[in-house]
Structures are given as C-alpha cells and as structure tokens.
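Trainee:
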Amino acid sequence: MENGDNLKESISSAEHSSLYDTKSINQAIDKTNKEDNFISNAVGSIKEMRFPAYKKDIVDYASRNINSDSDMLALFESLNGYIKYRDLYHVQKALEENNSEKKKAHQISDQTREHPDTRTRDTTTRGRIKDKEAIDETEESKLHPQVPPTAMSNFICNVCGKPFQNQNDLVQHQRFEGASSSSS
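Printed below as a string of structure tokens:
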C-alpha cells in the first residue's frame, strides 16, 4: 500500500470549539418563548440600521448600539448568516421562526388539514368543467391571462418618441439621450 491509500482507509476526527456561544443563543431563543415583546424589542433596537444587511452587519450594529444586553446579541447571532435581510420585517420574521408560540399561531389546524374548505375536482368525465367547478355560470377561468403572451408592450421615449420592446432598452436609450422619465 502506498501512502495515499492509507489516507483513504483511515478515519480521524478533530476537536474544535464552536464559533458561537450556543448556550447563550439557546437561552435567548428560550427567552423569546417566555417574553412576548422580546423579539419586537430586539428588532426595535436596530430600527435605525440601514438595510439590506447580512447577519454580521446586524450583529456588528447591535453590539455597538445595544447597551450590554447579551440576550439580544445572542438572538441576533441565531440569524442565518447567508441571507441578506431586506428590512426590519424580514429580520423579525426570521427571528420568529425559532419561536414555538409563533409557529403554533401560524400552523394549519388538524381539522383544517383533515377537512379542507376547498372545492375538489370531480373525477368523472361527464359534463363540462364549468358545471363541476365554477361557483356560478359567470365565473371565468383565471388559469390563462387575458392578454396573450405574444402581445407587446411599447415603451416610448418621451424625448424623441422612439418605441422600444422592453424597459431595459428604453432606460439605456434614455441614459444615452440624457433623459430620465418615460411613458409606456
């Protein structure tokens, strides 16, 4: 056996320390379950922050601006580091994902799951679909758009009147012409 074959057959492990303090993060998540306003207070503490922002930006901002509330900092550490948060509402919804009370409030009930309040399609082939599925004779299908996909929208330059097939071309033309507004 060569040295490369030995590496393929051996199994090893290495001890490492966690990047985050998981105990304090879990305590912060438990605190969200016990205190109703904890998440809203945490989100309110970063309301002056500029968005969009990643987790590291939120944690940095919070660590500079929150006066020694380690639970709130730990709560922000529980956010996903790969998501770019658009605004405070997005951050709040992400924090609520770990809150068991919020999960229960937004879950579908067992009764609704077993007996959904929706129309079901009749499997027989007799009759018209409109007779089986429509609420009344005047209801129209929403499956197909009213405007055919081949219909074109013209984007017209308000400076020279030249038509364009898409808004991107119009914007580039207006940059070239030095104009900024359009009509469609």
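Convert by adding 862 to the 1-based position in the sequence shown; the result is the number in this note's numbering. Glycine included, every Cβ here is placed at the ideal spot set by N, Cα and C.
Just to confirm the assignment, what range does the beta strand (DSSP E) spanning residue 1017 have?
Mentor: Start and end: 1017-1019.
Trainee: Around the C-beta of residue 894, are 16 or more other C-beta atoms found within 10 angstroms, so that it is buried, or is it exposed?
Mentor: When all chains shown are included, residue 894 counts as buried.
Trainee: Give the DSSP-derived three-state secondary structure of residue 877 in the structure shown.
Mentor: DSSP places residue 877 in coil when its eight states are reduced to three.
Trainee: Within 8 Å, do at least three Cβ pairs link the region 908-926 to the region 940-949?
Mentor: Taking 8 Å as the limit for Cβ pairs, the verdict is that the region 908-926 does touch the region 940-949.
Trainee: Out of curiosity, what's the CA-to-CA distance linking residue 975 and residue 937?
Mentor: Using only the alpha carbons, I get a separation of about 33 Å.
Trainee: Below 8 Å, can you find three or more Cβ-Cβ pairs linking the region 885-903 to the region 951-963?
Mentor: Enough Cβ pairs lie closer than 8 Å, so yes.
Trainee: Helix, strand or coil for residue 900 per DSSP?
Mentor: Reduced to three states, the DSSP call for residue 900 is helix.
Trainee: Pick out whichever of 977, 933, 1036, 1016 has its Cα sitting closest to the Cα of residue 887.
Mentor: Comparing Cα positions, the closest option is 933.
Trainee: Leaving aside the five residues before and after residue 1024 along the sequence, list all residues of the same chain whose C-beta is less than 8 Å from its C-beta, in chain order.
Mentor: Contacts found: 1018, 1035.
Trainee: Buried or exposed: where does residue 1046 fall if 16 or more other Cβ atoms within 10 Å of its Cβ makes it buried?
Mentor: Bear in mind that the predicted position of residue 1046 carries a pLDDT of just 44, short of 50, making it too unreliable to give a figure here.
Trainee: Out of 1030, 953, 889, 885, state which residue places its alpha-carbon closest to the alpha-carbon of residue 903.
Mentor: The candidate whose alpha carbon is nearest that of residue 903 is 953.
Trainee: What would DSSP say about residue 923, mapped onto helix, strand or coil?
Mentor: Helix at residue 923.
Trainee: Out of 1038, 1016, 948, 1021, state which residue places its alpha-carbon closest to the alpha-carbon of residue 1029.
Mentor: Minimum Cα distance to residue 1029 is reached at 1016.
Trainee: Could you tell me which of 935, 931, 910 sits nearest to residue 922, measuring between CA atoms?
Mentor: Nearest C-alpha to residue 922: 935.
Trainee: Which residue comes first and which comes last in the alpha helix (DSSP H) that contains residue 974?
Mentor: First-last of the alpha helix (DSSP H) with residue 974: 972-976.
Trainee: On the DSSP bridge assignment, give the partners of residue 915 in chain order.
Mentor: Residue 915 pairs with 947.
Trainee: Drop a sphere of 10 angstroms on the beta-carbon of residue 1038, count the other beta-carbons inside from all chains shown, and report buried for 16 or more, exposed for fewer.
Mentor: Residue 1038 should be labelled exposed.
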